[in-house]
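S.K.: Structure provided below as structure tokens; questions to follow.
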Amino acid sequence: MNIFDLYLEKIKKILLDLSKDSNLVLPENLDGITVETPPQKFDSDISTNVAMFLSKINNKSPSELSEILIEKIKKQDELIENIVFAKPGFINITFKPIFWTKFVEEIINNSKTFGVNQKEKKNNYLIEFVSANPTGPLHVGHCRGAILGDVIANVLLFNNHKVTKEYYVNDYGNQIINFTKSVYFRIREIIFKEPFPSENDDLYPGDYLIDFAQNIIDSNKKVDFSDFEKNTDLLTTASVVEALKLIKKNLKSLGINHDNFVSEKELVKNQEVEGVINYLQKNKFVYKGKIKAPAGEDEKNWVSRDQLLFKSTDFGDDKDRALQKSDGAWTYFASDVAYHKNKLDRKFDFLINILGADHAGYIKRISSSVEALSGSKSKLLCKVSQLVKLIKDKKPFKMSKRKGDYITVDDLINEVGKDATRFIMLNRSSDAELDFDFDNVIEKSKDNPLYYVQYCYARISSVFRHIDQDLDTEIKVDKYDFNYTRDEIDILKKISEWPKCINLSSNKLEPHRIPTYLYELASLFHSYWNLGKDNPEKRFINDQKKISTDKLVFLKAISNVIKSGMDIVGVSAPKKM
RNA sequence: GCGCUUGUAGCUCAACUGGAUAGAGCGCCUGACUUCGGAUCAGGAGGUUCUGGGUUCGACUCCUAGCAGGCGCACCA
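So the first sequence is residues 0 to 576, counted in numbering that gives the first Met the number 0.
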């Protein structure tokens with residue numbers, strides 16, 4: 000139950016009734032009317048801007064309008080205790096305690112589905128995320144986008160949408176050739192005792208390649224590795240397999256699980272790139288031409304040549320984009336267009352791409368291609384995850400592949416743990432850069448918002464332990480007839496915002512709202528808990544080691560929401576810490 | 001130079017897709033411990049929301065012109 004939607008509908012109905020009697024003029028569109036929680040200092044439960052919204056068109060002041068509205072609303076609803084006008088034009092409603100009792104009953108009876116936006120149209124999503132090059136282990140830089148994508152998928156799933164999680168494997172192109180050569184040199188190092196050519200900047204120097212090399216040697220005992228050219232295919236495939244094994248292991252340790260891995264090489268092999276380019280050519284989106292040098296570029300260094308171009312300028316891009324390299328191979332962009340055609344052919348309602356900040360400039364051209372292919376840009380939603388600034392010893396920590404000086408997902412999980420990594424990476428809006436202070440996260444774990452929320456759940460569990468119940472067992476209540484106090488209603492109000500939090504997180508693809516929400520809820524709970532020190536009435540368990548039913552279901556409602564939220568974020572909710 | 005993005009308390013960040021007197025944490029100051037588990041809580045100080053204009057009953061939010069940081073800008077991926 001979403002009480003804000005409920006009252007929004009009620010108010011709209013009243014407005015329509017009033018306009019029928021020609022007491023009220025309504026604009027065509029009523030979308031600007033909102034029902035929301037007022038700031039805490041206003042001592043009421045929900046609030047609406049309807050009087051301000053209609054003030055101008057009716058040529059009446061909000062206070063005049065509110066008189067009529069207040070009367071109507073009050074007459075229709077016996078659950079309202081108080082309804083008042085508040086400057087500059089809000090109508091504030093306070094409910095009787097019975098309203099909140101019914102609300103709790105609703106939650107307890109629908110513990111699994113509370114928060115789900117039931118009325119929303121259910122869509123079929125494809126979300127592509129991580130898609131890191133299969134050339135080595137994931138590092139911290141990949142983490143944020145990975146977690147962002149995973150949690151967006153979780154929110155959508157929670158909201159009853161269908162979601163397919165996909166990883167695009169860039170196993171085609173120069174990088175893969177260089178990567179394979181690097182593995183080959185490691186193989187030679189092992190077999191022929193030749194030193195690795197570490198001065199070659201095109202090669203991947205990381206030590207993990209030694210393991211790859213050893214694994215490839217072990218599983219290809221009969222192969223003669225003295226000649227690279229003879230074994231190129233085998234080496235390429237085997238190297239990518241090794242890298243993917245490592246990446247999948249990293250993803251698993253982060254709690255991430257993709258449904259599909261789509262290979263770029265396969266797309267090229269299946270002629271899907273030719274297919275999509277022919278299709279675009281027929282529709283006049285592809286031509287042979289030259290690209291101009293960028294404004295900042297020195298003309299002398301610019302080599303202009305004819306090449307196959309996609310007309311992304313038709314869709315607002317700065318310049319048209321190359322599809323084919325001079326050696327005839329497809330560009331990364333070309334096969335990515337094919338990949339997006341492939342996605343479109345699978346008939347999803349929406350495609351979501353999670354990109355790193357360094358790829359943000361790429362959005363325009365890929366969305367242009369989707370527009371050209373489908374006639375609709377809105378199908379593709381791109382979400383950029385900004386950089387993570389690592390801080391170690393109070394100083395920014397720069398990663399350098401050359402020096403082998405970078406922090407891998409393994410390092411992160413070993414030092415910080417999966418739960419804290421997920422919670423902190425998600426805690427901020429993905430649009431903003433994020434400071435990740437190692438020393439802070441590792442040493443002073445009590446300052447970590449994750450523990451603050453988990454502690455709330457653990458405290459609730461401890462109450463249930465004291466009365467020999469398990470938090471997970473269902474509660475049966477014969478009659479809901481309680482009288483919650485304002486302290487308790489403040490928490491219930493927060494809980495009533497949970498469906499809204501889910502709504503915003505899923506519709507705006509902004510899952511950082513969930514940790515923020517959980518923190519706020521936990522904070523209210525901790526405050527309430529401490530009231531019990533001075534006031535025995537506020538304690539959950541009384542002198543006879545019993546708990547009253549109202550408090551029992553109250554706790555159950557809170558823990559329900561915390562658990563749902565933690566599940567979506569993908570972190571544990573321990574009963575003991 | 002162009003594009004994208006960010007700018008909110010000393011620091012790190014929220015702010016319900018335009019609402020009320022802009023909120024948290026850290027840090028600083030004061031208080032609550034033989035704890036229904038203190039990994040907690042209560043209180044205090046701290047703001048021209050980068051700047052100038054505009055739209056609006058109402059702007060951190062939208063438009064516009066700047067300033068500052070980040071990222072990107074060839075056939076890399």
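C-beta atoms are modelled at their ideal positions from N, C-alpha and C, and glycine is treated no differently.
#1: Along the chain, where does the alpha helix (DSSP H) that runs through L580 open and close?
#2: Give the DSSP-derived three-state secondary structure of Q213 in the structure shown.
#3: Per DSSP, what kind of secondary structure is V222 in: helix, strand or coil?
#4: So who's on the other strand from L379, going by DSSP bridges?
#5: So what's L308 in DSSP terms, helix, strand or just coil?
#6: Tell me the DSSP bridge mates of K161?
#7: Kindly indicate which three-state DSSP category N259 falls into: helix, strand or coil?
#8: Consult DSSP for Y171 and reduce its assignment to one of helix, strand or coil.
#9: What residue does the alpha helix (DSSP H) around D446 start on, and which one ends it?
#10: Considering only their Cβ atoms, is the gap separating L520 from I488 smaller than 8 Å?
#11: How about the region 551-570 and the region 463-474: do they share at least three Cβ pairs that are nearer than 8 Å?
#12: Is there contact between the region 520-540 and the region 139-154, where contact requires at least three CB pairs shorter than 8 Å?
#13: Closer than 6 Å by C-beta to K340: which residues in its own chain qualify, once you throw out the five before and the five after it? Chain order, please.
#14: Taking its Cβ as the centre, do 16 or more other Cβ atoms sit within 10 Å of Q39, making it buried, or is it exposed?
#15: Return yes when the Cβ of S460 is within less than 8 Å of the Cβ of L155, no when it is not.
#16: How far does the beta strand (DSSP E) with N81 in it reach, from first residue to last?
#17: Tell me which residues share the same chain as E193 and place their Cβ nearer than 7 Å to its Cβ, disregarding the 5 neighbours each side in the sequence.
#18: Going by Cα to Cα distance, which pick from V369, P136 and M51 is closest to A333?
#19: Among residues of its own chain, excluding the 5 on either side of I72, which ones have a beta-carbon nearer than 8 Å to its beta-carbon?
#20: Within the same chain, show all residues whose beta-carbon is closer than 7 Å to that of S110, passing over the 5 residues directly before and after it, in chain order.
#21: With H, G and I counted as helix, E and B as strand and the rest as coil, what does DSSP make of Y286?
#22: For D434, name the three-state secondary structure that DSSP assigns.
#23: Between Y171 and I494, what straight-line distance do the alpha-carbon atoms span, to the nearest angstrom?
#24: In chain order, what are the residue ranges of uninterrupted beta strand (DSSP E) at least 3 long that sit wholly in the region 23-97?
#25: Hey, how far is the Cα of L7 from the Cα of G31?
#26: Taking 8 Å as the limit between beta carbons, can you name the residues of its chain near I56, skipping five residues before and five after?
#27: For S366 versus K382, is the C-beta distance shorter than 8 Å?
#28: CB-CB under 8 Å to K229, same chain, minus the five flanking residues each way: which ones, in chain order?
#29: What distance in whole Å lies between the Cβ atoms of R364 and D316, which are believed to be in contact at a cut-off of 8 Å?
#30: Taking the Cβ atom as the reference point for each residue, do P448 and Y518 lie within a distance shorter than 8 Å?
#31: Closest by CA to K324, which one among W99, V336, K378 and L307?
#32: Within the continuous alpha helix (DSSP H) that includes K492, where are the two ends?
#33: In the DSSP output, which residue or residues are listed as bridge partners for Y278?
#34: Considering only their Cβ atoms, is the gap separating I97 from I126 smaller than 8 Å?
#35: Is N169 closer than 8 Å to N132 when the C-beta atoms are compared?
#36: Name, in chain order, the residues that DSSP records as bridge partners for H138.
M.R.: Once the coordinates are examined:
#1: Any question about residue 580 goes unanswered here, given that the chain covers just 0 to 576.
#2: By 1-based counting over the first sequence, the position of residue 213 is 214. Q213: helix per DSSP, three-state reduction.
#3: Working through the first sequence from its first residue, we reach residue 222 at position 223. Looking at V222 - three-state DSSP - the assignment turns out to be coil, as it is neither helix nor strand.
#4: By one-based count along the first sequence, residue 379 stands at place 380. DSSP, once it has assigned bridges, lists L350 as partnering L379.
#5: Walking along the first sequence from the start, residue 308 turns up at place 309. Correct three-state label for L308: strand.
#6: Locating residue 161 in the first sequence gives position 162, where the first residue counts as 1. Answer is N123, bridged to K161.
#7: Indexing the first sequence from 1 puts residue 259 at position 260. Here N259 sits in strand by DSSP.
#8: Here residue 171 corresponds to residue number 172 of the first sequence, with the count starting at 1. Coil.
#9: Residue 446 sits at position 447 when you count from the first residue of the first sequence. Taken as a continuous stretch (DSSP letters only), D446 belongs to no alpha helix (DSSP H), as it is neither H nor E.
#10: As a first step, residue 488 is located in the first sequence; it is residue number 489 there, counting from the start. As a first step, residue 520 is located in the first sequence; it is residue number 521 there, counting from the start. No, the pair does not count as a contact, with Cβ atoms beyond the cut-off.
#11: yes
#12: no
#13: For the purposes of this step, residue 340 is identified with residue 341 of the first sequence, where counting begins at 1. For K340, where only same-chain residues beyond five positions count, the Cβ hits under 6 Å are V275 and L372.
#14: On the first sequence, position 40 is the one that residue 39 refers to. Answer is exposed; the Cβ neighbour count stays below 16.
#15: For this step, residue 155 is matched to residue 156 along the first sequence. For this step, residue 460 is matched to residue 461 along the first sequence. No. Outside cutoff.
#16: Start at 1 with the first residue of the first sequence, and residue 81 comes out as number 82. Per DSSP, N81 belongs to the beta strand (DSSP E) from I79 to A85.
#17: Position 194 of the first sequence, counted from the start, is the residue given in the question as residue 193. Closer than 7 Å at Cβ, skipping near neighbours: R187.
#18: Mapped onto the first sequence, residue 333 falls at position 334. Looking at the Cα atoms, V369 is the closest of the given residues.
#19: By 1-based counting over the first sequence, the position of residue 72 is 73. The answer, listed in chain order, is K9, I10, I13, I79, I82, I90 and I92.
#20: Locating residue 110 in the first sequence gives position 111, counting from the first residue. Once the five neighbours on either side are set aside, the close Cβ partners of S110 are N559.
#21: Your numbering for residue 286 matches position 287 in the first sequence. Three-state DSSP puts Y286 in a strand.
#22: Looking up residue 434 in the first sequence gives position 435. Looking at D434 - three-state DSSP - the assignment turns out to be strand.
#23: Here the question's residue 171 lines up with position 172 in the first sequence. Here the question's residue 494 lines up with position 495 in the first sequence. Whole-angstrom Cα-Cα distance: 49 Å.
#24: 45-47, 79-85 and 89-94
#25: Numbered from its first residue, the first sequence carries residue 7 at position 8. Numbered from its first residue, the first sequence carries residue 31 at position 32. Cα-Cα distance, rounded: 11 Å.
#26: Here the question's residue 56 lines up with position 57 in the first sequence. Correct list, in chain order: V24, L25 and P26.
#27: Taking the first sequence and counting its residues from 1, the one referred to as residue 366 is at position 367. Taking the first sequence and counting its residues from 1, the one referred to as residue 382 is at position 383. No. Outside cutoff.
#28: Residue mapping note: residue 229 aligns to position 230 of the first sequence, counting from 1. Here the set comprises D223.
#29: In the first sequence, counting from the first residue as 1, residue 316 sits at position 317. In the first sequence, counting from the first residue as 1, residue 364 sits at position 365. Yes, D316 and R364 are in contact; Cβ-Cβ is about 5 Å, under 8 Å.
#30: To locate residue 448, count along the first sequence from 1; it is residue 449. To locate residue 518, count along the first sequence from 1; it is residue 519. The answer is yes: Cβ separation under 8 Å.
#31: To locate residue 324, count along the first sequence from 1; it is residue 325. Answer by Cα proximity: L307.
#32: Position 493 of the first sequence holds residue 492. Segment R485 to S495, the alpha helix (DSSP H) holding K492.
#33: In the first sequence, counting from the first residue as 1, residue 278 sits at position 279. DSSP output for Y278 lists no bridge partner at all.
#34: By one-based count along the first sequence, residue 126 stands at place 127. By one-based count along the first sequence, residue 97 stands at place 98. Result no, Cβ atoms of I126 and I97 do not sit closer than 8 Å.
#35: Sequence index remark: in the first sequence, residue 132 carries index 133 (1-based). Sequence index remark: in the first sequence, residue 169 carries index 170 (1-based). Yes, these two residues count as a Cβ contact at 8 Å.
#36: Along the first sequence, read from residue 1 onward, the residue named residue 138 stands at position 139. Partner(s): T407.
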